[in-house]
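In our numbering, the protein residues as written are 3 to 262. Glycine included, C-beta positions come from ideal geometry on N, C-alpha and C. These notes are about the structure you will find just below.
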Ligand SMILES: Nc1ncnc2c1ncn2[C@@H]1O[C@H](COP(=O)(O)OP(=O)(O)OP(=O)(O)O)[C@@H](O)[C@H]1O
Ligand SMILES: [Mg+2]
């Protein structure tokens, strides 16, 4: 058996609110294999984004263990952590909030290439053009400002930035939720193509079970910070066993069973 790319066990994060402590994430364990998509679904406040932030080490857990590529990810620091971070990228719902909206597309893509020393100054314009083409955008977009391009184009730029460092895992937190249905389908197809060609794994967070059914191999359903059920994505969605799973399926808009 191959070893998992990411392995999370006993992950716990508590927050104090109004004088009492709530466990946003409570003893959660899961793993992701190379090239696999694991979806996290669950109602608002169930802990999905907190798990994303813990996995990205944007917040520290109160308990638990995260192994990334067989290393104790929580113990890494300094240059080693920076180097590993290149292999673990993220795409969020709103690229306008994630990037400086006045920055150019070229600048947004230049940063990771420069910071991680991936290409020399003279090589970078060519690399940027290639990244844009890789995500289905014209290199002519390079001088445009982030706020001037469409939401779908912006999310493609966010994906181009994420793949610039050749990551083995991308955390996507509601990355297609703000897009209209046809653009969403195009972005999902792009993600599937990239995964097939580059063997990237995704931790794919979405409240939309239709989207999850189209893209995920396995699914973890969260409820108040704990795992309510998990398994093969289509099996869980087609026959949920937990109360929260059943409620999410009932609430889902008509599920498309054909995939993107
Ligand atoms: N920085 C914080 N301080 C205090 N409480 C927090 C903080 N971040 C998250 N929480 C709480 O932790 C719980 C989980 O929040 P989280 O954002 O992970 O949920 P979510 O599943 O991503 O929800 P949504 O679907 O609305 O994005 C919520 O009760 C939230 O209020
Ligand atoms: Mg969230």
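Practice prompt. Assign residue 252 to buried or exposed, taking buried as 16 or more other Cβ atoms, counted over all protein chains shown, within 10 Å of its Cβ.
Written response: By the beta-carbon neighbour count (other beta carbons within 10 angstroms, threshold 16), residue 252 is exposed.
Worksheet item: To the nearest angstrom, how far is it from the Cα of residue 52 to the Cα of residue 156?
Response: 24 Å
Worksheet item: With 16 as the cutoff for other CB atoms within 10 Å, does residue 21 come out buried or exposed?
Response: exposed
Fill in: Residue from 37, 142, 81 and 93 whose Cα sits closest to the Cα of residue 107
142
Worksheet item: Between residue 179 and the rest of its own chain, which residues show a CB-CB distance below 6 Å, the 5 nearest in sequence each way excluded?
Response: 95
Item to complete: Figure out for me which residue from 29, 28, 39 and 23 has the closest Cα to the Cα of residue 217.
Response: 39
Worksheet entry | Cβ-based neighbour list, residue 84, same chain, cut-off 7 Å, excluding 5 preceding and 5 following | none
Discussion item. Is any non-hydrogen atom of ligand 2 found closer than 6 Å to the C-beta of residue 179, if you look at the structure I gave you?
Written reply: no
Practice prompt. Report buried or exposed for residue 99, applying the criterion of at least 16 other Cβ atoms within 10 angstroms of its Cβ.
Written response: Residue 99 sits exposed, since fewer than 16 C-beta atoms from the chains shown fall within 10 Å of its C-beta.
Discussion item. Three Cβ pairs or more, each shorter than 8 Å: is that satisfied between the stretch 166 to 175 and the stretch 199 to 208?
Written reply: A contact exists between the stretch 166 to 175 and the stretch 199 to 208.
Fill in: Own chain, CB closer than 6 Å to residue 131, minus 5 neighbours either side, in chain order
141
Worksheet item: Closest to residue 187 by CA distance: which of 125, 90 and 215 is it?
Response: Put simply, of 125, 90 and 215 the residue whose alpha carbon is nearest the alpha carbon of residue 187 is 215.
Item to complete: Take the Cβ of residue 176 as the centre, count every other Cβ of all protein chains shown within 10 Å, and call the residue buried at 16 or more, exposed below.
Response: buried
Discussion item. If contacts are defined as beta-carbon pairs under 8 Å, then residue 147 and residue 104 qualify, I think. What distance do you get, rounded to the angstrom?
Written reply: 6 Å
Worksheet item: So, is the C-beta of residue 227 closer than 7 Å to a C-beta in chain B?
Response: Among the protein chains of the structure shown there is no chain B, as only one such chain exists.
Item to complete: Can you give me the Cβ contacts of residue 244 inside the same chain, cut-off strictly under 8 Å, excluding the 5 residues immediately before and after it?
Response: 223, 225, 230 and 231
Worksheet entry | Collapsed DSSP secondary structure at residue 219 in the structure displayed | DSSP places residue 219 outside both helix and strand once states are collapsed to three, so it counts as coil.
Discussion item. What residue range does the beta strand (DSSP E) around residue 22 cover?
Written reply: Note, residue 22: beta strand (DSSP E), 22 to 34.
Item to complete: May I ask you to verify whether the stretch 106 to 124 touches the stretch 55 to 62, counting CB pairs closer than 8 Å and requiring at least 3?
Response: no
Worksheet item: Are residue 27 and residue 15 touching if we call contact CB-CB under 7 Å?
Response: Contact: yes.
Discussion item. Is it the case that the stretch 188 to 199 contacts the stretch 3 to 13, given that we only count it when at least three CB pairs across the two stretches are under 8 Å?
Written reply: no
Item to complete: Could you check what DSSP says for residue 163 in three-state terms: helix, strand or coil?
Response: helix
Discussion item. For a test of the three-state rule: what should DSSP assign to residue 15, helix, strand or coil?
Written reply: Residue 15: strand per DSSP, three-state reduction.
Worksheet item: Thinking C-alpha only, which one of 165, 127 and 181 is nearest residue 152?
Response: Per the Cα distances, 181.
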